[in-house]
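Please read the structure below before turning to the comments.
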Amino acid sequence: MSTFKAKVFVTLKPSILDPQGRTVERALSHLDHGNVSGVRVGKYIELTLSGSRAEVEAQLKDITENVLSNPVMEDARWELSEQQGEELVGA
Amino acid sequence: MSTFKAKVFVTLKPSILDPQGRTVERALSHLDHGNVSGVRVGKYIELTLSGSRAEVEAQLKDITENVLSNPVMEDARWELSEQQGEELVGA
Amino acid sequence: MKTAVIQFPGSNCDGDALHAAQLLLDQGAQFVWHTEAGLPQGTELVFLPGGFSYGDHLRSGAIAARSPIMQAVKAHAERGGFVLGVCNGFQVLTESGLLPGALSRNRDLHFLCRPVHLRVENTGTAFTGTYTKGQVIEVPIAHGEGNYYADPETVARLEGEGQVVFRYVDNPNGSLNDIAGIVSERGNVLGMMPHPERAVEALLGSEDGRGLFDSLKGALVSR
Amino acid sequence: MTQAATLRDRAGTFGLSTEEFDLLVTRIGREPNALEAAIVGAMWSEHCGYKNSRPLFRHFPTTGPQVLQGPGENAGVVDIGDGWGVAFKMESHNHPSAVEPVQGAATGVGGILRDIFAMGARPFAVLDSLRFGNPDSPRTRFLLNGVVEGIAHYGNAIGVPTVGGEVTFHPSYQENPLVNVMALGLLRHEDLAKGTMGEVGNTIVYVGSKTGRDGLGGAVFASADLSNASQADRPAVQVGDPFMEKLLLEATLEAIQAGVVAGVQDMGAAGLVSSTCEMAYRAGLGITMDLDLVPTREDGMVPMELCLSESQERMILVPVPGKEQELLDLLAKWELDVVTIGQVEGHTNYRLTWRGEVVCDLPVDLLNEAPKYTREGIESEEIRAKRERDLSGVPVPGDLGAVLTDLLAHPTIASKRPIYQRFDHQVMTNTVVVPGAADAAVMRVKGSGMGVAATSDCNPRFVYLDPYAGAAAAVAEAARNLACVGATPLAITDNLNFGNPHRPEVYYQLERAVHGIADACRHLNTPVTGGNVSLYNQYTEGDERVAIHPTPTIGMVGVLPDVTKRATMDLKGEGHTLYLIGE
Ligand SMILES: Nc1ncnc2c1ncn2[C@@H]1O[C@H](COP(=O)(O)OP(=O)(O)O)[C@@H](O)[C@H]1O
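Chains S, X, Y and B, in that order, give the protein sequences. Each residue of the first sequence is one higher than the last, beginning at 0 in numbering that gives the first Met the number 0. Each residue of the second sequence is one higher than the last, beginning at 0 in numbering that gives the first Met the number 0. Each residue of the third sequence is one higher than the last, beginning at 0 in numbering that gives the first Met the number 0. Each residue of the fourth sequence is one higher than the last, beginning at 0 in numbering that gives the first Met the number 0.
Structure below.
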């Protein structure tokens, strides 16, 4: 049994309005950052899972798709890395 | 002048309680994912910037530290990659 | 007391702030749009109202804190002028560095609208002179991100210097040390999550917020 | 010919029956193109065209000295005195909320608020009437939590207090919850605005968010049966942005008050098409619009998408002739997308161009005059048997105290505080009677001594057993709730949530409920100034279609000449006497 650190990225589907991104983009342009475009704001979730790699991978896929994101309007992807000992803490 | 795609990750400082992370963790444990721990919910922001690499790097650092995150309670890091032609769209 | 109520896009307690200011401070209280470079001549109180400036996008108060008028508000505060930030106004104050700390999501993650009891901790400020120390007042809250946070040294300093002005009797949102409102070191800038401007008429349930406005008026006279 | 035959074959995908498609061909004397068929389908849908319910509406009393604006506009308006009027209306967002509760409910709030400020009124209160299935099921918890979150998200952010509502639970709503939202707005009589194109030569201004592909075909979707197929419809989620709407609200009201607006309407169901079609119809004129000018959020959008997208937070404004620039300048301050996309013409057609070609050219009348269906209702034998059941044999429980605590513990009856405390019910500092203090809310009218009271009510179980008496009782309950806070009832809006009207037992419920409402309103002198219909609220269970309990939600508005005289239901002190009045 190992310990894994997962990072999950949840973004709104490209076709869905991102009011937050739109507002941030406009605010940046008022702050003299007019060269910034395509701002999208999503979620970034870190979690730790223990188990065998195969189990954890299947589980993470399930969690990502069914709990951490709303497939009706969001896309999600994840990264998984095995952790040794104390390294777990910190990003 | 080039076009760059930036990804910014904003997380609560480790010392700060993350009620959202805790709620997700509790929900997961009710859903038979008791092996999940250390859930932290942060923000993931994508943006596109145009300019020279040096300019854009300085600008992104500024935006990340001074607008996209609040140093009182958040940590932030960013990744920058240059984009070619049509690749910009999507991702 | 000449009052300027700052309007940001998305502010929604701006009208309530103006109403209370006109009722209790000065008929001539007026709105100031966020793109203005300066405050009206002779402004004595800047009122940063509640609401959802910029839709609370990114972080509540974050974008408003970076708008042009805030330079003038900072200069006003540095001159010793009074600044009152309520709810979103408090968030704007912390985001702009006029007050220390930050406000994050409520402990239970939900928006909460209800009357709460506040203990007046320091009556030596311009905002609290007409209250008595330890007095418990009823003032409504209406926020989703009112959970006050600052690092331990800052909190210790706030406590030590008497900058914690209002404390929740029954903490609704998880704020450190039950902090509901704080003043700046000089005492001229107050930020609080509860809405005193919603508690100035008996018809609406409580008049306990009047003391704050009465105090301000008194403070101006004794200056 | 082959292409037309194909179109006819798939008339259903545009929400048209084959008969309706043939009717269309006869009326225009040619085959429509696909865009035209889709536009007609949307305009003739129940949501926009009320084809099944409109024939029943004539039973409603709609006039009275207090009525400033009756049915037919974005919202009804009543006179409350001193030059003040109250605009109010209720609307459902049932199907979107079943698919995505947070955004479904949020955009429901956004939509009804636009109806209110399109009348020139400043929204000042929201009430929400919610129905869910079994309170213990995870799905109900998911839906309830999401819907409350959505209403809070939108209403709190835009700064309109949510001052009341109701929440009831019954298994018939298990898959198909009801989310009915009522909004009230305050206006000076002289600011009353209309959804009209005005006169020939006027320009048509699009303002608000850009148009995306979201919510596409939502009008058709909202009228279709909710079944497992709705899983596939899921990308049809629209995301609302209360911040954008707040800007739109302020900009629209500022423009109306500045006297530069001749006509205004929000883009709701069937988006750009339904708003501009209705405005043209009210003016009795044709229009031409250039679809290339529609601000888009995505590249490569086609006319069908531009026309029918239900992207939120968009309005159509028609400037007063000569004040075009003034209007555009005023809107610019609010940083909204603003573009002049067309003009009002002397002809009577609805004409759209795209890339230099006419892509739609249909009579405005045809679009706005959906075929009407008067169906025959037959009472369900099963329900009649339930109603007529002899109850004399039902034993009286021995321990009535225990029954009382059981009743109080039922989620339908228990305190709704955990819900309403998530809504800002005090913003605007007008709420004199807050949720929980009485069964109706009271808001003061600043600058006058008056108060406005509002409530929403319906007991669906009663309506199920006896649609006529149950619906009449909903009106009576609303009136009692207003009386109990000290208000005089003025008028109602209704939201008729029923099953599939093609089923005789459902049509029976609809028809009888309409009569019940109409008669009660006549007795109480509370005309109907507007409303909304949501049909096809049912789902497939095995092979069977299960309709929800018929739910004609009544929203009623009243006035208190002196708001300080309002009453609340808490007992005020020891030694006071309690009276029971009535029968
Ligand atoms: N969904 C809701 N949103 C806002 N307020 C609500 C909601 N549901 C109920 N309320 C408020 O809670 C109080 C009690 O409502 P309810 O339980 O329906 O009372 P009753 O059954 O006596 O009519 C009322 O003030 C009502 O307006």
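For each residue, glycine too, the CB sits at the ideal point set by N, CA and C.
Closer than 8 Å to chain Y by CB, residue i
i	result
B:Ala566	no
B:Leu559	no
B:Ala439	no
B:Asp190	no
Chain-order list of residues whose beta-carbon lies under 8 Å from that of residue i (same chain, five-residue window excluded)
i	result
B:Lys209	Pro294, Thr295, Arg296, Ser310, Asp336
Y:Asn121	Thr127, Lys132, Gly161, Gln162, Val163, Val164, Val182
Y:Leu23	Val199, Arg209, Phe212, Asp213, Lys216
B:Glu573	none
Residue i classed as buried or exposed, judged by whether at least 16 other C-beta atoms fall within 10 angstroms
i	result
B:Ser52	buried
X:Glu73	buried
X:Asn65	exposed
B:Leu570	exposed
B:Glu334	exposed
B:Asp240	buried
Y:His18	buried
B:Phe20	buried
B:Ile157	buried
Y:Gln70	exposed
B:His575	exposed
S:Phe3	buried
B:Met288	buried
B:Trp353	buried
Chain S within 8 Å of residue i, Cβ atoms only
i	result
X:Ala75	no
Y:Leu57	yes
Y:Arg65	yes
Y:Tyr167	no
X:His32	yes
X:Leu11	no
B:Phe242	yes
X:Leu27	yes
Y:Ile5	no
X:Ile15	no
B:Gly211	yes
X:Arg39	yes
X:Ser51	no
Any C-beta of chain B under 8 Å from that of residue i
i	result
Y:His18	yes
S:Ser68	no
Own chain, CB closer than 6 Å to residue i, minus 5 neighbours either side, in chain order
i	result
Y:Leu92	Gly84, Leu98, Gly190
B:Gly469	Phe461, Val462
B:Gly145	Pro100, Val101
Close-in-space but distant-in-sequence residues of the same chain around residue i (CB under 7 Å, 5 per side omitted)
i	result
B:Ala231	The predicted position of B:Ala231 is uncertain, since its pLDDT is 42 and thus under 50; a value taken from the coordinates is nonetheless stated next. Cβ within range, chain order: n/a, list empty.
B:Met266	Ser274, Arg313, Met314, Ile315
B:Thr430	Pro160, Val162, His424, Ala440, Met442
B:Gly48	Met42, Ala369
Residue i Cβ short of 7 Å to ligand 3 heavy atom set
i	result
B:Leu185	For ligand 3, the structure offers nothing, since it holds only ligand 1.
Is the segment 190-207 of chain B close to the segment 158-168 of chain B, with three or more CB pairs under 8 Å?
-> Output reads no: the segment 158-168 of chain B does not touch the segment 190-207 of chain B.
At least three beta-carbon pairs within less than 8 Å, the segment 405-423 of chain B to the segment 111-120 of chain Y = Between the segment 405-423 of chain B and the segment 111-120 of chain Y, the count of Cβ pairs shorter than 8 Å is three or higher; the stretches touch.
Report yes or no: do the segment 547-556 of chain B and the segment 454-466 of chain B share at least 3 C-beta pairs separated by less than 8 Å?
-> yes
On the three-pair Cβ rule with 8 Å, is the segment 444-455 of chain B touching the segment 511-529 of chain B?
-> no
According to a CB-to-CB cut-off of less than 7 Å, which residues of the segment 91-110 of chain B neighbour chain Y?
-> none
Scan the segment 315-341 of chain B for residues whose Cβ lies nearer than 8 Å to a Cβ of chain S and list them as they occur along the chain.
-> Glu334
With contact counted as at least three CB pairs below 8 Å, one residue from each stretch, are the segment 253-260 of chain B and the segment 89-100 of chain B in contact?
-> no
Taking Cβ-Cβ distances below 8 Å as the criterion, which residues of the segment 110-143 of chain B are in contact with chain Y?
-> Residues are counted here when their Cβ sits less than 8 Å from a Cβ of chain Y; for the segment 110-143 of chain B the count is zero.
Can we say the segment 75-83 of chain S touches the segment 7-26 of chain S, given the rule of at least three CB pairs closer than 8 Å?
-> yes
Touching or not, the segment 24-44 of chain S and the segment 30-49 of chain X, by the rule of three or more beta carbon pairs under 8 Å?
-> yes
At a Cβ cut of 8 Å, what residues of the segment 288-316 of chain B count as close to chain S, listed as they run along the chain?
-> Those residues of the segment 288-316 of chain B that come within reach of chain S (Cβ to Cβ, closer than 8 Å) are Arg296, Glu297, Ser310, Gln311.
Please determine if the segment 173-182 of chain B and the segment 85-94 of chain B are in contact, where contact requires at least 3 C-beta pairs separated by less than 8 Å.
-> yes
Any 3 or more C-beta pairs closer than 8 Å across the segment 32-48 of chain Y and the segment 173-181 of chain Y | Not touching, per the Cβ criterion.
Cβ contact (3+ pairs, closer than 8 Å) linking the segment 15-29 of chain S and the segment 15-23 of chain X | They do not touch, by the three-pair rule.
Residues from the segment 44-55 of chain Y in contact with chain S, defined by Cβ distance under 7 Å = Tyr53, Gly54
The segment 182-194 of chain B / the segment 102-117 of chain B touching (three or more Cβ pairs under 8 Å) | yes
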